[in-house]
Every structure is written in structure tokens, then in C-alpha cells.
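> Got a structure for you, questions after.
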Amino acid sequence: MESAGAVVEGRYWHALDDGQLQCDLCPRYCRLRDGQRGLCFVRARQGEAVVLTTYGRSSGFCVDPIEKKPLNHFLPGTPVLSFGTAGCNLACRFCQNWDISKSREFDTLADAAAPEQIARAALDLDCRSVAFTYNDPVIFLEYAVDVAQACRELGLKSVAVTAGYVCDEPRAEFFANVDAANVDLKAFSDDFYRKVCSGRLDPVLETLRYLVHETAVWLEVTTLLIPGQNDSDAELHAASRWIAEHLGPDVPWHFTAFHPDYRMRDTPPTPASTLSRARQIAKTYGLRYVYTGNVHDELGGSTPCHACGETLIGRDWYVLTRWNLTDDGRCRSCGEVCAGIFDGSPGTWGARRMPVRLGGVEAPPSP
Ligand code: SF4
Numbered sequence: 456m457e458s459a460g461a462v463v464e465g466r467y468w469h470a471l472d473d474g475q476l477q478c479d480l481c482p483r484y485c486r487l488r489d490g491q492r493g494l495c496f497v498r499a500r501q502g503e504a505v506v507l508t509t510y511g512r513s514s515g516f517c518v519d520p521i522e523k524k525p526l527n528h529f530l531p532g533t534p535v536l537s538f539g540t541a542g543c544n545l546a547c548r549f550c551q552n553w554d555i556s557k558s559r560e561f562d563t564l565a566d567a568a569a570p571e572q573i574a575r576a577a578l579d580l581d582c583r584s585v586a587f588t589y590n591d592p593v594i595f596l597e598y599a600v601d602v603a604q605a606c607r608e609l610g611l612k613s614v615a616v617t618a619g620y621v622c623d624e625p626r627a628e629f630f631a632n633v634d635a636a637n638v639d640l641k642a643f644s645d646d647f648y649r650k651v652c653s654g655r656l657d658p659v660l661e662t663l664r665y666l667v668h669e670t671a672v673w674l675e676v677t678t679l680l681i682p683g684q685n686d687s688d689a690e691l692h693a694a695s696r697w698i699a700e701h702l703g704p705d706v707p708w709h710f711t712a713f714h715p716d717y718r719m720r721d722t723p724p725t726p727a728s729t730l731s732r733a734r735q736i737a738k739t740y741g742l743r744y745v746y747t748g749n750v751h752d753e754l755g756g757s758t759p760c761h762a763c764g765e766t767l768i769g770r771d772w773y774v775l776t777r778w779n780l781t782d783d784g785r786c787r788s789c790g791e792v793c794a795g796i797f798d799g800s801p802g803t804w805g806a807r808r809m810p811v812r813l814g815g816v817e818a819p820p821s822p
């Protein structure tokens, strides 16, 4: 493994006949001349190789509730050591983390840490997992994989929060190393992906299918609903139908609210009624675990037993309000299995967010 702050050669690229090097990590396939950076900005051509320029560098570390990723069926109530780097391979006009994802300066990369240091810190902080989040970990794959492996050596899990915009071979390497993923399904329209995100829908659907059918990774899906952009009944029906058919009823789906940001400051915030409408539509397709996120909605945030209707896990935003599961994840009322990764009693981390600097916990817990 590399030490913190190193430039490492990327694993997925090849030379073209015209002398350019093509990055094969994501479906953008950036073609690079010497000194050029890809759209993600963190991968660049240096001489005769494509390198990752942000190995071991982070935009900051924070202990979060796992529910914030969001993951509702993966070690509920536990703290997760979260970090990101800089850059992104999509260019979403509504990005809610644009200061990190569109960073062109590495001044956001204030913290540095080797993979073993991150895993050790997570253990010392009583976290059950480490999350790659804030920006897309696909673009720092070599670093993320090393961190995930260091976590496994210490008995910790790792979590990827990603848009799933990645090519086949790196997809397989990346997800062989992580234990859970929340994949953004930004819309169910290729037109939206092209116009609003500068991407395409198909590779994302392929990642979702791959995760369910070819890996043991625990998957949850998130869709940020943007008024007038991706929230029509027709689109929600089409997406729900696809998820039911291709992913099955047990993959949790989170609908979250948009707040005006970045290049979409003129679009209004998502009303709570839109989240509820989306949830109702998804449930008509037999999807068992559909959530409304980043709003106070105890019904839309709680996990029901799909067999008897009992509330298995009550939630108010990130706080667990009820627990009705056995240690191996069954309904205490009827014995039916709840899909997910459960391990005994739930954690008690609550909604706290605790920024940390590696090498020493710096800030006190904040509510
Ligand atoms: S990972 Fe970055 S450099 Fe590689 S193809 Fe995607 S955007 Fe381009």
C-alpha cells in the first residue's frame, strides 16, 4: 500500500494509436495528452501513464450516523467514519457537495491519511465501518480499495456512496472490496443524465444490476427528487417498475429532497408531498422498503415488516425510535426476515456529526 499523499499510477487506461492515453475507469473515457487532467480532475496524464493525484489525501473526516449515507438496513444506529477527496466524474448541475466535487484546487484536501491509519482511527473511534462519500469514490479507486482492504484486516466494513458511473473491470475490482453501497439513481431518463449530469443512464443501471446479481454487497438506492426535472408520475412509475423487475423488492430506495444549490439555484426546494407521492408510487410495485429522506417523516423513515406490517425499525430522521428485530434480523412479531445486514442490538450513535482530524480527535460531538 502507498503512503499518504502519494501520486500513484492508475490501473485502468491504455495507449491509443495517436499517442493519447485513454482512461478506462469510467464511461467518459477521457483521452489525455501529457499534462492533461480528466474531467474528474484528479486523474491526469504524467508522461506515459495515467495517475491518481489524490492518493491518501482527504477533504476531511467525520463520524456520521450510518443512516446519513443513507443506509437504513446496514448495521443501524452505528457510527461510520466518513471521508471524501476532491473531484467527480459527473457534472450534476444540482450538486449538493460542489465545493468538494468541483474543486479545482487541492486546498480542500486538508487532511492526509494512509489506509491503515484510517482503518485504525475508525476502530479507535468505535465505528463499525468507513464510508467513501462526499465525492464519488470511483475516481479514487486505488486509494478506496486500499482503505477497504485495511478495514477488512481490522474486522471493519466499508461503504461506498457512489453514482455508479464506472466501467465493467474497475466496477468488479471496486465492489469486490466494499461491503455496502448506496448508489444514486439520479433520474430514470437518459435525457436527464445527458443534460443535467453530463453522463448516461445505462452504465448506472448496469452497476445496480451487477451489485444485486453478481456481488454480496448490500445495496440501497437514492434518488434526489428535483421539482419539474425528475419527479413526474410517469418517470417514477417507470423507475419503480424497473427496480421491481431487475433488482427485486428487497432493495431499499430513498427519496430525498433537493435544496437549491450550485447551478440550479432558481429551482424551488422539493415539497414533502413530492417525497410521499414518490414513495406511494414505488410501493404499488411491491417494493418493500421505500423511504423519504432528509425530512421529519417518521412513517416514511421507518422500516415495516413486509409480512405482518409491524414497524421493525422506527426512525425520526437519523434517530432510531423503535427496534423490533431479533439479533439475526427477523421480525419479533412474526419471525419474517428483514433484508439487510444486522448484527445484534442496534447502535446508539444517534444523529451526532463529529468532525475528526486523523492523529487526534479534534472537535467535540455536536447535536
Ligand atoms: S475517471 Fe476521470 S479521467 Fe477517467 S474517464 Fe472518468 S472522468 Fe475521465
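Numbering (our numbering), first residue to last: 456 to 822. Every residue, glycine too, gets a C-beta built ideally from N, C-alpha and C.
1) Hey, residue 776 and residue 753 are a contact pair by Cβ (cut 8 Å); roughly how many whole angstroms apart?
2) Assuming residue 722 contacts residue 713 under a Cβ cut-off of 8 Å, what Cβ separation, rounded to an integer in Å, is found between them?
3) Roughly how many angstroms separate the alpha carbons of residue 475 and residue 594, rounded to a whole number?
4) Taking the Cβ atom as the reference point for each residue, do residue 570 and residue 605 lie within a distance shorter than 8 Å?
5) Between residue 703 and residue 659, which are expected to be in contact by the criterion C-beta below 8 Å, what is the C-beta distance as a whole number of angstroms?
6) Can we count residue 698 as close to the ligand SF4, meaning its CB is less than 7 Å from some heavy atom?
7) Does the pairing of the region 519-534 with the region 499-507 give three or more beta-carbon distances under 8 Å?
8) Should residue 443 and residue 533 be called a contact, given that it needs their Cβ atoms to be closer than 8 Å?
9) How many Å lie between residue 771 and residue 746 at the Cα?
10) Whose CA, out of 486, 466, 480, lies closest to the CA of residue 472?
11) In its own chain, which residues sit with a C-beta less than 7 Å from the C-beta of residue 750, not counting the 5 before and 5 after it?
12) Alpha carbon to alpha carbon, how far is residue 707 from residue 489?
13) Keeping to the same chain, check which residues put their C-beta closer than 7 Å to that of residue 468; ignore five residues upstream and five downstream.
14) Measuring CA to CA, which of 597, 552, 495, 681 is closest to residue 643?
15) By a C-beta neighbour count over all protein chains shown, 10 Å radius and 16 as the cutoff for buried, is residue 701 buried or exposed?
16) Could you check how far apart the C-beta atoms of residue 535 and residue 585 are, in whole angstroms? I think they sit under 8 Å.
17) How many whole angstroms separate the CB atoms of residue 767 and residue 786, which I take to be in contact at a CB cut-off of 8 Å?
18) Specify the secondary structure class of residue 615 as computed by DSSP and reduced to three states.
19) Is there contact between the region 665-674 and the region 630-637, where contact requires at least three CB pairs shorter than 8 Å?
20) Quick one: complete alpha helix (DSSP H) runs, 4+ long, within the region 491-557?
21) Since residue 674 is in the beta strand (DSSP E), which residue starts that stretch and which ends it?
22) Starting from residue 467, follow the alpha helix (DSSP H) in both directions and report where the run begins and ends.
23) Can you grab the Cα-Cα spacing for the pair residue 649 / residue 794, in whole Å?
24) In whole angstroms, give me the CA-to-CA distance for residue 783 and residue 801.
25) Can you tell me which of 796, 769, 774 puts its alpha carbon nearest to the alpha carbon of residue 807?
26) Looking only at its own chain, which residues have a Cβ that is under 6 Å from the Cβ of residue 763, when we skip the five neighbours before and after it?
27) Checking 8 Å against the spacing of the C-beta atoms, do residue 544 and residue 481 come in under that value?
28) Using 7 Å as the cut-off, classify the Cβ of residue 637 as near or not near the heavy atoms of the ligand SF4, replying yes or no.
29) Measure the C-alpha to C-alpha separation of residue 743 and residue 530 and round it to an integer number of angstroms.
30) CB-CB under 8 Å to residue 734, same chain, minus the five flanking residues each way: which ones, in chain order?
31) Would you grab the beta carbon distance between residue 547 and residue 667 for me? Rounded to a whole angstrom, and I think it's under 8 Å.
32) Using the Cβ count rule (16 or more neighbours within 10 Å means buried), how would you classify residue 592?
Walking through what the data contain:
1) 7 Å
2) 7 Å
3) 20 Å
4) yes
5) Not confirmed; about 17 Å, so no contact.
6) no
7) no
8) Beyond the ends of the chain as shown, which are 456 and 822, falls residue 443; an answer cannot be given.
9) 12 Å
10) 486
11) 712, 727, 730
12) 44 Å
13) 476, 477, 478, 479, 505
14) 681
15) exposed
16) 7 Å
17) 6 Å
18) strand
19) yes
20) 553-556
21) 673-680
22) Here residue 467 belongs to no alpha helix (DSSP H), and DSSP marks it neither H nor E.
23) 34 Å
24) 11 Å
25) 774
26) 788, 789
27) yes
28) no
29) 18 Å
30) 710, 745, 746, 747, 755
31) Going by Cβ atoms, the distance from residue 547 to residue 667 rounds to 24 Å, so no, they are not a contact pair.
32) buried
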